[in-house]
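Chemist: Let me begin by handing over the structure; questions about it come next.
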Amino acid sequence: MFDNLSEKLQRAFKNLRGQGTLSEQNIQDGLGEIRSALLEADVNFRVVKQLVENIREKALGQEVLTALSPAEQVLKIVKDELVAILGTSHEKVRRGSVPPTVYLMVGLQGSGKTTSTGKLALWLSKQGRKPLLVSVDVHRPAAREQLAVVAGQIAQPVYRGTEGETTPLQLARGARREAKQTGRDIVLVDTAGRLHLDAALMDELGELKTTLEPAEILFVADAMTGQDAVKSATEFHDRLGVTGVVLTKMDGDARGGAALSIRQVTGCPIKFVGVGEKPTAFEVFHPDRIVSRLLGMGDMLSLIEKVEADVDEKQAREIQQRMLANQFSLEDFRKQLGQVKKMGSLQSIVDMLPSAGPFKDLQQAEIDPKGLSRTEAIINSMTAQERANADILNGSRRRRIANGSGTTVQQVNQLLKQYRQARDMMRGLAPTGVGSRTRKKNRKGKRRRGRSREMGPSPMGPGGMDLGRLLGR
Ligand SMILES: Nc1nc2c(ncn2[C@@H]2O[C@H](COP(=O)(O)OP(=O)(O)O)[C@@H](O)[C@H]2O)c(=O)[nH]1
Ligand SMILES: [Mg+2]
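If you're matching positions, the sequence shown starts at 391 in this note's numbering and goes up one per residue.
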């Protein structure tokens with residue numbers, strides 16, 4: 391998330407970086423770039439205007455601090471302003487005064503309400519709460535069934551209603567009664583959505599609000615819809631008084647501007663973000679962390695923890711030894727991919743890196759998890775002998791491997807080509823090149839830099855190996 395914005399902001403700061411002092415002119419230039427970066431990231435234009443104005447005022451009024459360079463000074467102002475918009479710490483969810491607490495999940499159809507209801511229930515249950523789920527979409531039985539399936543996946547109870555309960559209100563009341571009787575302390579109400587806002591839906595939700603007195607009305611917004619999400623957030627908020635926002639699909643190529651805009655335009659805090667389809671792909675929203683990431687500072691601490699926990703140092707060293715001895719086999723290649731997979735989504739790791747410095751090109755590497763699995767499947771279908779010595783892989787062996795791994799002979803050939811390239815590259819590096827700073831051309835002809843020595847053993851593979859190249863990108 392936020393890739394484009396942080397890249398643009400980085401560029402704006404880079405241009406300022408060469409300056410000795412902050413003059414009105416170079417602030418002006420930098421602001422222009424910040425402005426267009428924010429607009430391109432789909433931040434609402436009014437929000438941008440306000441933000442840029444605030445930054446200008448602060449930057450101009452700023453004394454020239456000797457401890458900070460002009461770029462750092464502006465960076466700090468921008469960071470403070472973004473944090474001011476998003477809030478400094480995360481907002482806790484509320485509890486009702488009488489149990490069970492009720493939360494209403496509202497939003498347009500397809501925004502991720504049902505999915506988020508399940509995610510939130512799972513999250514709450516991990517906090518020691520006992521949720522009961524209920525869908526009040528009486529118009530679409532499939533919608534209610536979907537919630538039941540979601541509840542099953544996370545092993546939380548769902549209220550299905552009795553025969554006499556035909557209205558949203560009756561269903562919600564029924565759920566509340568059931569929660570009381572069965573000792574569930576929070577009822578999550580998944581409401582009906584529409585493709586567009588209409589009066590009937592608003593009346594229905596308004597009635598639910600009046601009767602149930604929910605502690606939270608969470609507006610579920612699809613981050614990918616950008617300014618449309620901001621518009622519907624405003625409408626829902628005006629009508630219902632939204633207490634918090636769940637921003638979904640932040641794992642997609644959302645430009646991220648919706649997050650800044652919704653908060654600024656409606657004043658409603660973002661409480662959670664959805665980062666995938668699985669029930670666990672759900673995070674408490676931490677504005678300060680997002681801002682650091684947005685500005686390309688990276689969440690280095692979380693990254694370091696992740697790398698330390700997941701990489702098998704010993705195995706990495708063994709592979710390195712074999713590389714040095716020119717014995718890098720397909721088996722080693724596979725082990726290495728295994729390590730990459732163990733670290734979870736590579737993209738989530740790449741996201742944590744600062745978008746500047748040695749990692750810059752990695753951000754664009756776009757590692758495809760499907761490609762990783764395919765590569766593993768192909769190598770798994772080989773015999774030990776074949777893995778040790780790729781040269782014996784003739785046509786009929788390749789056909790057998792393709793069949794066995796559910797791939798095509800072309801894909802097997804492609805993998806072998808990648809492997810050979812990787813092996814040859816290592817031959818070129820060994821014995822002195824391994825572990826040192828290496829520069830080489832990737833396929834697009836752009837220069838790409840491997841991990842530098844200062845970073846220690848690479849999580850992607852030992853010795854500054856170029857992962858993008860290994861994966862044939
Ligand atoms: N990638 C991704 N997909 C999501 C996320 N949240 C929901 N979805 C998907 O969005 C689609 C619509 O979600 P759903 O919960 O049915 O939306 P509803 O109509 O508002 O209830 C489904 O295919 C979900 O799997 C998310 O955070 N990331
Ligand atoms: Mg739904």
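Positions of the beta carbon are idealized from the N, C-alpha and C atoms, including for glycine.
What residue from Q440, S501, S413 has the CA that sits closest to L585's CA?
Modeler: Counted from its first residue, the sequence shown places residue 585 at position 195. Answer by Cα proximity: S501.
Chemist: Enumerated in chain order, which unbroken segments of the beta strand (DSSP E) with a length of 3 residues or greater are wholly contained in the segment 428 to 509?
Modeler: Here the runs fully enclosed are 491 to 496.
Chemist: Taking only the alpha-carbon atoms, compute the straight-line gap between V792 and H480 and give it to the nearest angstrom.
Modeler: Taking the first residue of the sequence shown as 1, we reach residue 792 at position 402. Taking the first residue of the sequence shown as 1, we reach residue 480 at position 90. A quick correction: the sequence has Ala, not Val, at residue 792. Approximately 50 Å between the Cα atoms of the pair.
Chemist: Take the Cβ of F609 as the centre, count every other Cβ of all protein chains shown within 10 Å, and call the residue buried at 16 or more, exposed below.
Modeler: On the sequence shown, residue 609 is found 219 positions in, with the first residue counted as 1. Answer is buried; the Cβ neighbour count reaches 16.
Chemist: So does D580 have its beta carbon nearer than 8 Å to some heavy atom of ligand 2?
Modeler: By one-based count along the sequence shown, residue 580 stands at place 190. Yes, the Cβ of D580 comes within 8 Å of a heavy atom of ligand 2.
Chemist: Determine the contact status of A605 and R485, defining contact as a CB-CB distance below 9 Å.
Modeler: Numbered from 1 along the sequence shown, position 215 holds the residue referred to as residue 605. Numbered from 1 along the sequence shown, position 95 holds the residue referred to as residue 485. Yes, they are a contact pair.
Chemist: So what's P521 in DSSP terms, helix, strand or just coil?
Modeler: The count along the sequence shown starts at 1 and reaches residue 521 at position 131. Strand, per DSSP.
Chemist: Name the DSSP beta bridge partners of E673, please?
Modeler: Translated into positions along the sequence shown, residue 673 becomes position 283. Answer is V663, bridged to E673.
Chemist: Can you list, in chain order, the stretches of the alpha helix (DSSP H) that have 4 or more residues and sit fully within the segment 566 to 616?
Modeler: You should have 589 to 602.
Chemist: DSSP state of L783, grouped into three classes?
Modeler: Residue mapping note: residue 783 aligns to position 393 of the sequence shown, counting from 1. If DSSP states are grouped into helix, strand and coil, L783 belongs with coil.
Chemist: Comparing the CB of S525 with every heavy atom of ligand 2, is any distance shorter than 8 Å?
Modeler: If you number the sequence shown from 1, residue 525 lands on position 135. Checking the Cβ of S525 against ligand 2 gives yes.
Chemist: How big is the Cα-Cα spacing for A474 and A619?
Modeler: Sequence index remark: in the sequence shown, residue 474 carries index 84 (1-based). Sequence index remark: in the sequence shown, residue 619 carries index 229 (1-based). About 21 Å.
Chemist: Does DSSP classify G647 as helix, strand or coil?
Modeler: Residue 647 sits at position 257 when you count from the first residue of the sequence shown. In the structure shown, G647 sits in a helix (DSSP, three-state: H, G or I).
Chemist: Are there 16 or more other CB atoms within 10 angstroms of the CB of F718, so buried, or fewer, so exposed?
Modeler: Here the question's residue 718 lines up with position 328 in the sequence shown. Buried: at least 16 other Cβ atoms inside 10 Å.
Chemist: At the level of alpha carbons, what is the spacing between E443 and G573?
Modeler: Working through the sequence shown from its first residue, we reach residue 443 at position 53. Working through the sequence shown from its first residue, we reach residue 573 at position 183. The alpha-carbon atoms of E443 and G573 are separated by roughly 52 Å.
Chemist: Relative to the C-alpha of D527, which residue among V488, D580, G497, H627 is closest?
Modeler: The count along the sequence shown starts at 1 and reaches residue 527 at position 137. Ranking the options by Cα distance to D527, first place goes to D580.
Chemist: With DSSP as the reference, please indicate the residues paired to Y549 in a beta bridge.
Modeler: In the sequence shown, counting from the first residue as 1, residue 549 sits at position 159. Beta-bridge pairing links Y549 to V524.
Chemist: Rounding to the nearest angstrom, what Cα-Cα distance links V367 and A427 in this structure?
Modeler: The question about residue 367 has no answer, for the chain in this structure spans 391 to 863.
Chemist: Taking the alpha carbon of V524 as the point to measure from, which residue in Q517, V492, R813 has its own alpha carbon closest?
Modeler: Residue mapping note: residue 524 aligns to position 134 of the sequence shown, counting from 1. Minimum Cα distance to V524 is reached at V492.
Chemist: Am I right that I768 and T797 are in contact with their C-beta atoms under 8 Å? What's the rounded C-beta distance?
Modeler: The count along the sequence shown starts at 1 and reaches residue 768 at position 378. The count along the sequence shown starts at 1 and reaches residue 797 at position 407. The Cβ separation is near 6 Å, so the contact holds.
Chemist: Can you tell me whether E636 is helix, strand or coil according to DSSP?
Modeler: As a working mapping, residue 636 is identified with position 246 in the sequence shown. Note on identity: in this sequence residue 636 is Val, with Glu being the wrong assignment. Strand.
Chemist: When we look at the beta-carbon of T511 and count the other beta-carbons within 10 Å, is it buried (16 or more) or exposed?
Modeler: Position 121 of the sequence shown, counted from the start, is the residue given in the question as residue 511. Note that residue 511 corresponds to Ala in the displayed sequence, not to Thr. Per the 10 Å Cβ criterion, buried.
Chemist: State yes or no: is the C-beta of Q418 nearer than 8 Å to some heavy atom of ligand 2?
Modeler: Numbered from 1 along the sequence shown, position 28 holds the residue referred to as residue 418. No, ligand 2 has no heavy atom inside 8 Å of this Cβ.
Chemist: Does DSSP classify T765 as helix, strand or coil?
Modeler: Looking up residue 765 in the sequence shown gives position 375. Helix.
Chemist: Any heavy atom of ligand 1 closer than 8 Å to the CB of E565?
Modeler: Sequence index remark: in the sequence shown, residue 565 carries index 175 (1-based). Here residue 565 turns out to be Ala, not Glu, going by the sequence shown. No, Cβ of A565 sits at least 8 Å from all heavy atoms of ligand 1.
Chemist: Of all the options Q543, V665, D612, L720, which has the alpha carbon lying nearest to the alpha carbon of I652?
Modeler: Reading the sequence shown from its first residue, position 262 is the one you call residue 652. Selected option, being the one with the closest Cα: D612.
Chemist: How many Å lie between K807 and V663 at the Cα?
Modeler: Position 417 of the sequence shown, counted from the start, is the residue given in the question as residue 807. Position 273 of the sequence shown, counted from the start, is the residue given in the question as residue 663. Using only the alpha carbons, I get a separation of about 40 Å.
Chemist: If we count the other Cβ atoms within 10 Å of its Cβ and call it buried at 16 or more, is Q801 buried or exposed?
Modeler: Indexing the sequence shown from 1 puts residue 801 at position 411. Buried, since its Cβ has 16 or more Cβ neighbours within 10 Å.
Chemist: Let's test the definition: count the other Cβ atoms within 10 Å of the Cβ of K639 and tell me whether it reaches 16, buried, or not, exposed.
Modeler: One-based indexing of the sequence shown puts residue 639 at position 249. Classification for K639: buried.
Chemist: Can you have a look at T504 and say buried or exposed, based on whether 16 or more other CB atoms are within 10 angstroms of its CB?
Modeler: Looking up residue 504 in the sequence shown gives position 114. Under this definition T504 is a buried residue.
Chemist: Considering only C-alpha positions, which residue in the set A431, I467, E594 is nearest to H529?
Modeler: For the purposes of this step, residue 529 is identified with residue 139 of the sequence shown, where counting begins at 1. Closest option to H529, Cα to Cα, is E594.
Chemist: Consult DSSP for R530 and reduce its assignment to one of helix, strand or coil.
Modeler: One-based indexing of the sequence shown puts residue 530 at position 140. Here R530 sits in coil by DSSP.
Chemist: Here's a check: name, in chain order, each residue in its chain whose Cβ is nearer than 7 Å to the Cβ of P489, leaving out the five neighbours to either side.
Modeler: Translated into the one-based positions of the sequence shown, residue 489 becomes position 99. Result list for P489: D575, in chain order.
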